[in-house]
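Participant: Got a structure for you, questions after.
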């Protein structure tokens, strides 16, 4: 069965609503976001290793420890575009209970 | 060794093709008239065997899995094995009895949501699909069951992502997963020109990053999209390296993830409907251990060659930095000539 598709693409409709970008701007944004993602990830030996987190984290205070842990958990979990899944397969949300001795939030 | 699914090793189970809906984009071509379904004992054999072979997550899909009567018992037993479980549903058939199944067994319920109500109903082929699903969500919230939404991105709907994210957040979802349409199954006839191109993927990527920043820690926004650079740097994660010498002694989950059990009993790699030349075989006629041993001996090398070619092509300069890896591997596998087909090794 053939269906009639709308003529405007989703990105064109975003542009019409003032929320879209030209192809050139989009390309630049993607490059920036890619760099931003890598900068925010935990980098080991110069490359992100999605299945393997090992290292020593030095932070200024206890609050920053939790920030690092949050990023590690996200990185080893379901986000960042690294885990890719086939049709209909959702990521499973992990639940973590973390205890850090000697530091009280 | 890694896999496209990261640290998790996934068995995806499609126990039936019966569904209360007939969606335009259904990759398994399920609908109310389909009668194909697996005996519970076959599903259970797959789950226990998969657990022994290193799989850690079982995803139930369909068809509509809430129409599969043994689901509750299977969910409970699967959780009892220590495996994590997800169930993908259209959400329309949620009731107290089925929510009780999910409460005992599911770590996450994923509900299909294809855009604003009008778009959702059009894609689902039902004028009441959205309203009925929305009316049932309180059952999940009241039962304390974690749930999320899966959005199928087409060439025409990335402008609806913002609305979808707002709806998901308002409903208390923990996840919004964005998945690019694969033109397989029923979509071949009904949505042949609707797969998002590079520009639409880029626009959706920017949108999902923005929406994730807005959602903060309240909801994960996940985009099933692979960065070409990441693929290029990690061939082992995408089965693009030769089989290791000790592969036969390692868990099978390191050879394929996700592994798919279809409603006719066929086991295939990566995705529902993957080309049959690469299937492991049928679990209704042969035991799991025999199927995986035979696949290792006769197909794993070819499968890795397919993935290797996709990896090599993905390293070439391209306009956009993304790749729909599953779709690329599937297409190449469909056109692949196996050694016996070209007279080698026969």
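Protein chains in written order, with the working numbering: chain A, 1 to 105; chain B, 1001 to 1346.
For glycine and all other residues, C-beta sits at the position ideal for the given N, C-alpha and C.
1) Our contact map puts residue 1115/B next to residue 1164/B with C-beta atoms below 8 Å; I'd like the distance itself, whole angstroms only.
2) Could I get the ranges of all uninterrupted beta strand (DSSP E) runs contained in the region 1198 to 1283 of chain B, with 3 residues as the minimum, in chain order?
3) Evaluate residue 1227/B with the Cβ neighbour count: other Cβ atoms within 10 Å of its Cβ, from every protein chain shown; 16 or more gives buried, anything less gives exposed.
4) Let me know if residue 1009/B comes out buried or exposed under the rule of 16 or more other beta-carbons within 10 Å of its beta-carbon.
5) For residue 1194/B versus residue 1155/B, is the C-beta distance shorter than 7 Å?
6) Could you have a look at residue 1156/B and say whether DSSP puts it in helix, strand or coil?
7) Between residue 1166/B and residue 1211/B, what straight-line distance do the alpha-carbon atoms span, to the nearest angstrom?
8) Rounded to the nearest angstrom, what separates residue 1275/B and residue 1330/B at their Cα positions?
9) Please look up how many angstroms separate the CB atoms of residue 1355/B and residue 1088/B, rounded, as I've assumed it's under 8 Å.
10) Flag residue 1157/B as yes if its beta-carbon sits less than 7 Å from any beta-carbon of chain A, otherwise no.
11) Verify the CB distance criterion: does residue 22/A have a CB-CB separation below 7 Å to chain B?
12) Take the Cβ of residue 48/A as the centre, count every other Cβ of all protein chains shown within 10 Å, and call the residue buried at 16 or more, exposed below.
13) According to DSSP, simplified to helix, strand and coil, what is residue 1285/B?
14) Given residue 1124/B, which residues of its chain have a CB within under 6 Å of its CB, disregarding the five upstream and five downstream residues?
15) By the DSSP assignment, the alpha helix (DSSP H) with residue 1145/B in it spans what residues?
16) Could you tell me whether any non-hydrogen atom of the ligand ZN is closer than 6 Å to the CB of residue 1305/B?
17) Inspect the beta-carbon positions of residue 1243/B and residue 1300/B and report whether they are closer than 7 Å.
18) How many Å lie between residue 1064/B and residue 1090/B at the Cα?
19) What does residue 17/A touch in chain B if you count any residue whose Cβ is under 8 Å from its own?
20) Take every Cβ of the region 1284 to 1301 of chain B, pair it with every Cβ of the region 1220 to 1236 of chain B, and state whether three or more of those distances are shorter than 8 Å.
21) Can you list, in chain order, the residues of the region 1241 to 1274 of chain B whose Cβ is nearer than 7 Å to any Cβ on chain A?
22) Looking only at its own chain, which residues have a Cβ that is under 6 Å from the Cβ of residue 1319/B, when we skip the five neighbours before and after it?
23) Can you check DSSP and say which residues form a bridge with residue 1031/B?
24) If the cut is a Cβ gap below 7 Å, which residues of chain A does residue 1321/B touch?
25) How big is the Cα-Cα spacing for residue 1168/B and residue 1310/B?
26) Residues in the same chain with beta-carbon distance under 8 Å from residue 1027/B, minus the five sequence neighbours each way, listed in chain order, please.
27) Given residue 1095/B, which residues of its chain have a CB within under 8 Å of its CB, disregarding the five upstream and five downstream residues?
28) So is residue 1086/B in contact with chain A if we call contact Cβ pairs under 7 Å?
29) Counting only beta-carbon separations shorter than 7 Å, does residue 13/A have a partner in chain B?
30) Tell me whether the region 1200 to 1208 of chain B and the region 1250 to 1266 of chain B touch, counting them as touching only if at least three CB pairs, one residue from each stretch, are closer than 8 Å.
31) How far does the beta strand (DSSP E) with residue 1110/B in it reach, from first residue to last?
32) Please identify the residue among 8/A, 34/A, 88/A and 7/A whose C-alpha is closest to the C-alpha of residue 1202/B.
33) What residues in its chain sit with their C-beta under 6 Å from that of residue 1161/B, if we drop five residues either side in the sequence?
34) Is any beta-carbon of chain B found at less than 7 Å from that of residue 43/A?
35) Check whether chain A comes within 7 Å of residue 1206/B, counting only Cβ atoms and requiring the distance to be less than that.
36) Given a threshold of 16 other Cβ atoms within 10 Å of its Cβ, counted over all protein chains shown, does residue 1141/B qualify as buried or as exposed?
Facilitator: According to the data block:
1) Locating residue 1115/B in the second chain gives position 115, counting from the first residue. Locating residue 1164/B in the second chain gives position 164, counting from the first residue. Indeed, because the Cβ distance is near 6 Å, the residues count as touching under 8 Å.
2) 1220 to 1224, 1259 to 1261 and 1266 to 1269
3) For the purposes of this step, residue 1227/B is taken as the residue at position 227 of the second chain. Buried is the call here.
4) Position 9 of the second chain holds residue 1009/B. Residue 1009/B should be labelled buried.
5) Taking the second chain and counting its residues from 1, one reaches residue 1194/B at position 194. Taking the second chain and counting its residues from 1, one reaches residue 1155/B at position 155. Yes.
6) Here residue 1156/B corresponds to residue number 156 of the second chain, with the count starting at 1. Note: residue 1156/B maps to coil in three-state DSSP.
7) Reading the second chain from its first residue, position 166 is the one you call residue 1166/B. Reading the second chain from its first residue, position 211 is the one you call residue 1211/B. The alpha-carbon atoms of residue 1166/B and residue 1211/B are separated by roughly 9 Å.
8) Taking the first residue of the second chain as 1, we reach residue 1275/B at position 275. Taking the first residue of the second chain as 1, we reach residue 1330/B at position 330. Their backbone Cα atoms lie some 7 Å apart in a straight line.
9) It is not possible to answer for residue 1355/B, since the shown part of chain B is limited to 1001 through 1346.
10) Looking up residue 1157/B in the second chain gives position 157. Closer than 7 Å: yes.
11) The residue labelled residue 22/A in the question sits at position 22 within the first chain. By this cut-off, residue 22/A is not an interface position.
12) On the first chain, position 48 is the one that residue 48/A refers to. Interpretation of residue 48/A is limited by its pLDDT of 37, a score under 50 that renders its predicted location unreliable; no figure is taken from the coordinates.
13) Sequence index remark: in the second chain, residue 1285/B carries index 285 (1-based). Coil at residue 1285/B, not helix or strand.
14) One-based indexing of the second chain puts residue 1124/B at position 124. Once the five neighbours on either side are set aside, the close Cβ partners of residue 1124/B are 1021 and 1023.
15) If you number the second chain from 1, residue 1145/B lands on position 145. No alpha helix (DSSP H) holds residue 1145/B; DSSP gives it neither H nor E.
16) The ligand ZN is not part of this structure, which contains no ligands at all.
17) Start at 1 with the first residue of the second chain, and residue 1243/B comes out as number 243. Start at 1 with the first residue of the second chain, and residue 1300/B comes out as number 300. Their beta carbons are under 7 Å apart, which means residue 1243/B touches residue 1300/B by this criterion.
18) Numbered from 1 along the second chain, position 64 holds the residue referred to as residue 1064/B. Numbered from 1 along the second chain, position 90 holds the residue referred to as residue 1090/B. Their backbone Cα atoms lie some 7 Å apart in a straight line.
19) As a working mapping, residue 17/A is identified with position 17 in the first chain. Simply 1159.
20) no
21) 1258, 1270, 1271 and 1272
22) Residue 1319/B sits at position 319 when you count from the first residue of the second chain. 1198, listed in sequence order.
23) Working through the second chain from its first residue, we reach residue 1031/B at position 31. 1018/B.
24) Taking the first residue of the second chain as 1, we reach residue 1321/B at position 321. Chain A residues near residue 1321/B: 30 and 34.
25) By 1-based counting over the second chain, the position of residue 1168/B is 168. By 1-based counting over the second chain, the position of residue 1310/B is 310. Using only the alpha carbons, I get a separation of about 35 Å.
26) Residue numbering aside, residue 1027/B sits at position 27 when the second chain is read from its first letter. 1182, 1184, 1185, 1186, 1187, 1271, 1272 and 1273, listed in sequence order.
27) The residue you call residue 1095/B lines up with position 95 of the second chain. Cβ within range, chain order: 1136 and 1139.
28) Indexing the second chain from 1 puts residue 1086/B at position 86. It does: the Cβ of residue 1086/B has a partner Cβ on chain A nearer than 7 Å.
29) Translated into positions along the first chain, residue 13/A becomes position 13. So, interface residue.
30) no
31) Taking the first residue of the second chain as position 1, residue 1110/B is located at position 110. First-last of the beta strand (DSSP E) with residue 1110/B: 1108 to 1112.
32) To locate residue 1202/B, count along the second chain from 1; it is residue 202. Residue 1202/B has its Cα closest to that of 34/A, out of 8/A, 34/A, 88/A and 7/A.
33) In the second chain, the residue the question calls residue 1161/B occupies position 161. Closer than 6 Å at Cβ, skipping near neighbours: 1207.
34) Counted from its first residue, the first chain places residue 43/A at position 43. Confidence is the limiting factor: at residue 43/A the pLDDT is only 35, short of 50, which leaves the residue's position unreliable and the question unanswerable from this model.
35) The residue labelled residue 1206/B in the question sits at position 206 within the second chain. Chain A, which has a Cβ nearer than 7 Å to the Cβ of residue 1206/B, makes this yes.
36) Sequence index remark: in the second chain, residue 1141/B carries index 141 (1-based). Exposed is the call here.
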